[in-house]
Amino acid sequence: MFSNMQKQERSMPGPCSLLFVHFRELHCLFVFNHCQSCVELIVRECSVLFKMKRKIIQSERKDQSAGRLQQSDRKPKDLNVHARSQWQWTWTKMGLLSLCILSVLIPLLLHLFSDSIDLSRPSDIGLNHTINMYLTPGEGVRVGVWHTVPEHRWKEAQGKDLDWYEKALGDGSPIFIYLHGNGGNRSAPHRIGIANVLSAVGYHVLVLDYRGFGDSTGEPTEAGLTSDAVYLYHWVKARSGNSPVCVWGHSIGSGVTTNTAVKLLEQGKQFDGIILEGAFVTGRRARDQPIEHPFTWFYWKFPYIQFFLFNPLKNNIFVFPTNENLQKLRTPLMILHAEDDHIVPFASAQEIYRIAEKAQNSDKRVKLVPFDRSLGYLHNGLYKDPGLPDIIREFVQSLMT
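Numbering (my numbering), first residue to last: 2 to 402.
Here's what the structure looks like:
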């Protein structure tokens, strides 16, 4: 998408120095210790593997030199079958342990990388039709927001200031407020991916880092996150004229979205459309829900690295009563969910659809769009789908008829 754009190159700290600095932090040491445990397990399995292979080779050599089998009840065929079985099982265990390590290291490295980005300079990562701004939704609270204009205006946007971007909101193009999930900040790759898709379709996108996330100040609470989103909606409406304003909530952001929609309803306002991606029925996944992904157990055991370790909300109580909120809303709703989502089961999307469809008594105003598990999108990968732009475009066009 940015093949024709000028990208600024910025020097960044080397990955080794970043790892050294961050691993001194207690929570990163926690991850490191578990990685060490996994590595030790793999080393032990390798040792067993090679000892087994050595014994097999020695046994074969003895048989060859003696010209006969050692006195044993096992036949050569039985020995080979047993050895092959043990060999395969050991390699399987090593593969599973390696995947466990990657499950920890990948989120950790992404976390470290996102921390190293200067969020006030989105152009540093190629977002050169995006501007950074800070809003003050409450006393002592400053939240960071990226505003990306429609892709067809990227040349015009070069070198423009905040005043130009604010006026651009009134150009008649649809506007999306993007409310991201827990952990990380607005520079996460899948969040940039959604912003790029929406921009390519021709929409404005405002990506908010709630209080306590990214470079936003303040203490993250459920009420605080909702207040931030409500404030951003009013800020946008004051500048957007008659442009439709929609909201996109991903993961925990889906709970913030429905909370915000209910708050606006109480004020006599509403979004023109709502998209929920990877949405929870409630804020936290219940432990007794079916585990559909083979490595979900690992996140619970260590304990749920992506969902809790780098999550500013982990020390606060939050509910996000999405099911209750949906019963109050009458806004057109589209639910996007990957069938192989390893964090929020697809059954959650089906339940959200059931509640919303019943509340609105319409299968035209409420849509569920599943993405086949064979695509491998999991929880964060829907932005990769080549058909997503058309799905979004069709939904937005339906709001204007």
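Note that beta-carbon positions come from the ideal geometry of N, C-alpha and C, so glycine has one too.
What are the boundary residues of the beta strand (DSSP E) that residue i is part of?
{"i": "G194", "result": "No beta strand (DSSP E) contains G194, which is instead part of the alpha helix (DSSP H) from 190 to 202."}
{"i": "A339", "result": "334 to 339"}
{"i": "R143", "result": "142 to 149"}
{"i": "Y232", "result": "Looking at the DSSP string, Y232 is not in any beta strand (DSSP E); the run it does join, the alpha helix (DSSP H), is 223 to 241."}
{"i": "T131", "result": "131 to 139"}
{"i": "I176", "result": "176 to 180"}
{"i": "V397", "result": "V397 -> not in any beta strand (DSSP E); alpha helix (DSSP H) instead, spanning 389 to 400."}
{"i": "L209", "result": "205 to 209"}
Rounded to whole angstroms, how far is the Cβ of residue i from the Cβ of residue j, which I believe are closer than 8 Å?
{"i": "R187", "j": "L128", "result": "10 Å between Cβ atoms; not a contact."}
{"i": "V150", "j": "A169", "result": "5 Å"}
{"i": "E152", "j": "A196", "result": "Contact doesn't hold; Cβ gap of about 10 Å is too wide."}
{"i": "H343", "j": "S252", "result": "The pair is not a contact, with the Cβ atoms about 12 Å apart (cut-off 8 Å)."}
{"i": "A230", "j": "L180", "result": "6 Å"}
{"i": "I132", "j": "H148", "result": "5 Å"}
{"i": "L383", "j": "F396", "result": "That pair is no contact at about 14 Å."}
{"i": "L400", "j": "G274", "result": "5 Å"}
{"i": "V246", "j": "T258", "result": "Contact doesn't hold; Cβ gap of about 13 Å is too wide."}
Please work out which residues of its chain come closer than 7 Å, Cβ to Cβ, to residue i, disregarding the five sequence neighbours upstream and downstream, and give them in chain order.
{"i": "A357", "result": "L327, L334, V367"}
{"i": "P354", "result": "The sequence given here places Tyr at residue 354; Pro does not occur at that position. Closer than 7 Å at Cβ, skipping near neighbours: I336, V367, L369."}
{"i": "V206", "result": "T149, F177, Y179, A196, L199, S200"}
{"i": "S228", "result": "P138, G139"}
{"i": "R75", "result": "Its pLDDT being 48, under 50, R75 is placed unreliably by the model, and nothing is read from it."}
{"i": "G171", "result": "R240, S241, G242, S244"}
{"i": "L136", "result": "V144, V146, Y232, L233, W236"}
{"i": "Y204", "result": "P151, S174, P175, I176, F177"}
{"i": "Q361", "result": "R331, V367"}
For residue i, is the classification buried or exposed, using 16 other Cβ atoms within 10 angstroms of its Cβ as the cut-off for buried?
{"i": "W165", "result": "exposed"}
{"i": "S375", "result": "exposed"}
{"i": "L209", "result": "buried"}
{"i": "R122", "result": "exposed"}
{"i": "V320", "result": "exposed"}
{"i": "P175", "result": "buried"}
{"i": "G184", "result": "buried"}
{"i": "S349", "result": "buried"}
{"i": "P346", "result": "buried"}
{"i": "A339", "result": "buried"}
{"i": "L330", "result": "buried"}
{"i": "T218", "result": "exposed"}
{"i": "D364", "result": "exposed"}
{"i": "E267", "result": "exposed"}
{"i": "E157", "result": "exposed"}
{"i": "D391", "result": "exposed"}
{"i": "L265", "result": "buried"}
{"i": "T93", "result": "exposed"}
{"i": "A224", "result": "exposed"}
{"i": "D341", "result": "buried"}
{"i": "T402", "result": "exposed"}
{"i": "G250", "result": "buried"}
{"i": "G182", "result": "buried"}
So the alpha helix (DSSP H) residue i belongs to, where does it begin and stop?
{"i": "E278", "result": "It is not in any alpha helix (DSSP H) - E278 instead sits in the beta strand (DSSP E) that spans 274 to 278."}
{"i": "S261", "result": "Note that residue 261 is Thr in the sequence shown here, rather than Ser. Taken as a continuous stretch (DSSP letters only), the alpha helix (DSSP H) holding T261 covers 253 to 267."}
{"i": "L120", "result": "First-last for L120: undefined, no H or E at that position."}
{"i": "L365", "result": "Before going further, note that residue 365 is Lys rather than Leu in the sequence given. It is not in any alpha helix (DSSP H) - K365 carries neither H nor E in the DSSP assignment."}
{"i": "L330", "result": "Note, L330: premise wrong, no alpha helix (DSSP H); not H, not E."}
{"i": "Y166", "result": "163 to 169"}
{"i": "E157", "result": "155 to 158"}
Under 6 Å Cβ to Cβ from residue i, same chain only, skipping five residues before and after it: list those, please.
{"i": "Q280", "result": "Checking the displayed sequence, the identity of residue 280 turns out to be Ala instead of Gln. Here the set comprises S255, I353."}
{"i": "W155", "result": "H130"}
{"i": "T261", "result": "T227, A230, V231"}
{"i": "N324", "result": "V282, I356"}
{"i": "V263", "result": "N326, K329"}
{"i": "K385", "result": "none"}
{"i": "Q271", "result": "L265, T332"}
{"i": "I1", "result": "Residue 1 is absent from the model: the chain starts at 2 and stops at 402."}
Does the beta carbon of residue i come closer than 8 Å to any beta carbon on chain D?
{"i": "T131", "result": "This model lacks chain D altogether; it includes just one protein chain."}
Which residues in the same chain have their Cβ closer than 8 Å to the Cβ of residue i, if we skip the five residues on either side of it in sequence?
{"i": "D216", "result": "L120, S121, G145, N186, D210"}
{"i": "V142", "result": "R212, S217, T218, G219, G225, D229"}
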